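Novice: Just so you know, the sequence shown maps onto residues 11 to 347 in the working numbering.
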Amino acid sequence: MTRPRSSLVSVLDTPYYHCICRCVRRAWLCGEDAFTGKTFEHRKPWMLTRLKLLTDTFALDLCAYALMSNHYDLVVRLDPLQAKTWSGQEVMARWMRLFRGPEFMRRTLTGEVLHPEESRLVETVTAFWRSRLADLIWFMRCFNEPIACQANGEDNCKGRFWEGRFKSQALLDEGALLTAMVYVDLNPVRAGVAETVLEADFTSAQQRLLEIARASTSRQKNESQTKPKLLSFSGNERQDPPMDLPFNLKDYLDLVESSGRLAYPGKRGVIPAAQPKLLSTLGMDANEWMPIVTQMQRRFELSIGAPHRLRQVAESRGWRWVRGLSAARKLYARANE
């Protein structure tokens, strides 16, 4: 049974979420349609530009992304406390990057004197906008609707472009976050459209690698300005409250690389004899890692995490059953040793 989105997204349980959205009616989001011969690669820059605008506007951070031919994946971290620090003027300015807004709110932003009735409404509307700018549902809505309108205009058709509402998975611990990020970054490799992580275009892993290797050319600088800002890695230290991703960047990229080799041993080389360092640190079993990271949506559904975290969320939300307990027990077996 479909659950209301309000019961699936709760920053009290976790700020991290994996979001997936697919096209309908054999629609192509990006890539080349082998049936018609049309190419839609030009839509990926649309999406990156929109993603940059939204991540600069909403109170959230982008951890990972992958833009594919018929769907996209995002891993985000919600940050509602950030929205509370914004002044009323900043809230209005951010919202009006996306929407025109009422005429009296626009006059407020320019410093004009309002009628008493209008002045009383300003605080109410600002509070309303502040809550929306910290809302995952509104973020996804503001991303999907313009892309659908542009794509439908190109296809000269009307109706749904996206497959109903987007799917989301709560990432309940560091292991779940790591699994989802690697799953997302390896999308092109698993689909057979890229042989290496560096060749996996329009993914966060490729963006991170290019940023590391970026030289000081004007072209590369301009390219970096059109891409969304990614949440940085903290290194080995732990922060309280956490400001960055709780992993070391080199360890993460090594894990993405070795996981890609395990997924495609014929193309990518031999299976590494040693378990990747990051899996050992999180108490995760390398033998169970590949079945999980290549079939994450099948093994889990609404939430991903260690067995005890899945039980906690199920209990707090009144669920009698939660999918993924069996997979979680296997994946986190080393944590109990």
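Heads up, the beta-carbon is just placed ideally off N, CA and C, and yes, glycines get one too. For clarity, every value in this text was computed on a predicted model and none was experimentally measured.
With a threshold of 7 Å (Cβ to nearest heavy atom), would glycine 185 be considered close to the ligand ADP?
Specialist: Within the structure as shown, the ligand ADP is missing, as the structure has no ligands at all.
Novice: Just mark glycine 121 as buried or exposed, buried being the case when its beta carbon has 16 or more other beta carbons within 10 Å.
Specialist: Burial call: exposed.
Novice: State the CB to CB distance for the pair aspartate 83 and leucine 241, rounded to an integer number of angstroms; the pair is presumed to be in contact (CB under 8 Å).
Specialist: 15 Å between Cβ atoms; not a contact.
Novice: Within the same chain, show all residues whose beta-carbon is closer than 6 Å to that of valine 19, passing over the 5 residues directly before and after it, in chain order.
Specialist: Leu146
Novice: Could you tell me the distance, in whole angstroms, from the CA atom of proline 25 to the CA atom of tryptophan 105?
Specialist: Near 22 Å, if we compare the C-alpha coordinates of tryptophan 105 and proline 25.
Novice: Spatial neighbours of valine 34 within its chain, please: CB distance less than 6 Å, with the 5 preceding and 5 following residues excluded, ordered by chain position.
Specialist: Only Arg170, Glu173 meet the Cβ criterion.
Novice: In chain order, what residues of the same chain lie with their CB nearer than 6 Å to the CB of valine 101, ignoring the 5 residues before and after it?
Specialist: Same-chain partners within the cutoff: Thr136, Trp139, Arg140.
Novice: Quick one: which unbroken alpha helix (DSSP H) runs of 4-plus residues sit fully inside the segment 54-109? Chain order, please.
Specialist: Within the segment 54-109, the complete alpha helix (DSSP H) runs of at least 4 residues are 90-95, 98-105.
Novice: Less than 7 Å between C-beta atoms, sequence neighbours within five positions excluded: which residues of the same chain meet that for histidine 81?
Specialist: Ile30, Cys31, Arg32, Cys33, Leu39
Novice: At the level of alpha carbons, what is the spacing between leucine 22 and leucine 88?
Specialist: 11 Å
Novice: Going by C-alpha to C-alpha distance, which of Val194, Val332, Glu205 sits closest to tyrosine 75?
Specialist: Checking every option, the nearest Cα to that of tyrosine 75 belongs to Val194.
Novice: Which partner residues of serine 313 appear in the DSSP bridge assignment?
Specialist: Ala180
Novice: Compare the C-alpha of phenylalanine 176 against each of Trp148, Ala338, Asp165 and name the closest.
Specialist: Trp148
Novice: Relative to the alpha-carbon of leucine 265, which residue among Gly328, Phe68, Ala190 has its alpha-carbon at the smallest distance?
Specialist: Ala190
Novice: Pull up the distance between the alpha-carbon of serine 326 and that of alanine 144, whole angstroms please.
Specialist: The straight-line gap from Cα to Cα measures roughly 22 Å.
Novice: Taking all protein chains shown into account, do 16 or more other C-beta atoms lie within 10 angstroms of the C-beta of glutamate 267, making it buried, or fewer, making it exposed?
Specialist: It counts as buried.
Novice: Buried or exposed, going by whether 16 or more other CB atoms sit within 10 Å of the CB of glutamate 184?
Specialist: buried
Novice: Going by DSSP in three states, cysteine 167 sits in which element: helix, strand or coil?
Specialist: coil
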